[in-house]
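A.B. asks: Okay, so the sequence shown: first residue is 19 according to our numbering, each after it adds one. Ideal Cβ positions, reconstructed from N, Cα and C, are used throughout, including at glycine.
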Amino acid sequence: MSIRIGITGTAGRMGRTLVEAIAQSGADVVLAAAVEQPESSLIGADAGELAGLGRNGVPVVGDLAQVIDQLDVLVDFTVPQATVANAELCARHGVALVIGTTGFTAEQQAVIDRAASRVPVCKASNFSTGVNLCFKLLDMAARVLGDDVDIEVVEAHHRHKIDAPSGTALSMGGVVANALGRDLAEVAVYGRQGQTGARKRETIGFATVRAGDIVGDHTVIFAADGERVEITHKASSRMSFARGAVRAAGWLVGREPRLYDMQDVLGLRNSA
Ligand code: NAP
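1. Does the Cβ-Cβ distance between Tyr278 and Leu286 come in under 9 Å?
2. Do Val194 and Val162 have their CB atoms nearer than 9 Å?
3. Skipping 5 residues on each side, what residues in its chain have a beta carbon closer than 6 Å to that of Ala290?
4. If you count every other CB in all the chains shown that lies within 10 Å of the CB of Ser143, and 16 or more means buried, which is it?
5. Could you tell me which whole alpha helix (DSSP H) segments of length 4 or greater appear in the region 193-263?
6. Beta-carbon separation of Ser184 and His251 under 9 Å?
7. Once you ignore the five residues that flank Gly27 on each side, which residues in its own chain have a CB closer than 6 Å to its CB?
8. With DSSP as the reference, label Lys154 as helix, strand or coil.
9. Candidates Val85, His176 and Asp181: which alpha carbon is nearest Ser254's?
10. What distance in whole Å lies between the Cβ atoms of Ile23 and Val47, which are believed to be in contact at a cut-off of 8 Å?
11. Determine the DSSP secondary structure at Ala290, reduced to helix, strand or coil.
12. Distance, Cα to Cα, His111 vs Gly62?
13. Whole angstroms are fine: how far does the CA of Ala225 sit from the CA of Leu115?
14. Out of curiosity, what's the CA-to-CA distance linking Pro98 and Ile130?
15. Taking 8 Å as the line, does the beta carbon of Gly70 fall inside it for any heavy atom of the ligand NAP?
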């Protein structure tokens with residue numbers, strides 16, 4: 019039987035791409051419900067038409083509670099406060115949850131952690147296979163180059179993005195900090211201006227660009243005297259994230275309640 023997927027944030031950039039990715043995924047998964055926020059003018063619209071695919075017979079609804087019991091898994095790319103409410107609902111109804119939303123506070127993350135003690139949750143700052151491979155490469159680069167390099171993370175996204183640095187940039191910094199035994203909260207430097215003083219070796223710098231329609235570029239620079247290594251990922255379409263999220267949804271259903279990420283889905287967790 020097909021896995022029944024629901025989407026929240028259906029009218030958003032990722033929501034529309036997810037509708038398309040599910041339609042391309044074949045018979046293993048099916049779009050069972052499409053949710054938008056209650057005030058949306060698109061309530062009642064056909065989700066397939068919204069995604070530019072032609073009618074698929076799934077109407078956009080304004081309340082997740084109305085459709086939650088028709089789902090095996092919810093895929094949520096919305097805003098943090100909506101995701102947190104959706105996570106609580108999924109936990110109460112035994113529905114697995116894939117979270118693509120970024121920008122959570124520690125309190126919001128704690129709600130997600132509680133939900134993950136009741137249902138399987140897969141949360142990733144970036145669902146693309148290429149970025150997840152980069153996480154692995156970054157771990158390796160940090161271990162090899164060690165404390166002999168300056169490490170900086172540079173990211174660029176479209177002008178509509180509302181959080182910075184990107185969740186992916188923070189994850190990349192986290193991978194590097196972990197590999198070097200540093201605490202990212204202590205060593206991160208977000209942007210620089212004015213009389214900053216000389217760079218301290220152990221810091222990990224973050225620089226942000228917001229411009230045009232850039233889907234998502236990330237580069238981590240490992241710079242020594244005389245040479246530098248740069249690991250770069252460039253997304254040219256949201257489809258890479260959407261396909262990864264649909265793959266995660268299929269993988270997640272039936273797993274033990276826990277917080278998973280894309281490294282688990284791709285089997286990269288212990289293959290260093
Ligand atoms: P977007 O275009 O603004 O889409 C968000 C959608 O969620 C909008 O349609 C919004 O409706 C809707 N929404 C807001 N509150 C809602 C609620 N309570 N219930 C249902 N829908 C609600 O943003 P996006 O570019 O798709 O990105 C969404 C999130 O995914 C962001 O946090 C972004 O950083 C993240 N993201 C993650 C990945 C990844 O791989 N993990 C990749 C891309 C993006 P309104 O417009 O009416 O408010």
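C.D. replies: Reading it off the structure:
1. no
2. no
3. At Ala290 the pLDDT is 47, less than 50, meaning the model places this residue with poor confidence; the figure from the coordinates comes in the next sentence. Same-chain partners within the cutoff: there are none.
4. buried
5. 202-205
6. no
7. Gly33, Phe95 and Thr96
8. helix
9. His176
10. 5 Å
11. Only weak support is given to the placement of Ala290: the predicted model assigns it a pLDDT of 47, under 50, and the value that follows is read from those uncertain coordinates. Reduced to three states, the DSSP call for Ala290 is coil.
12. 24 Å
13. 31 Å
14. 10 Å
15. no
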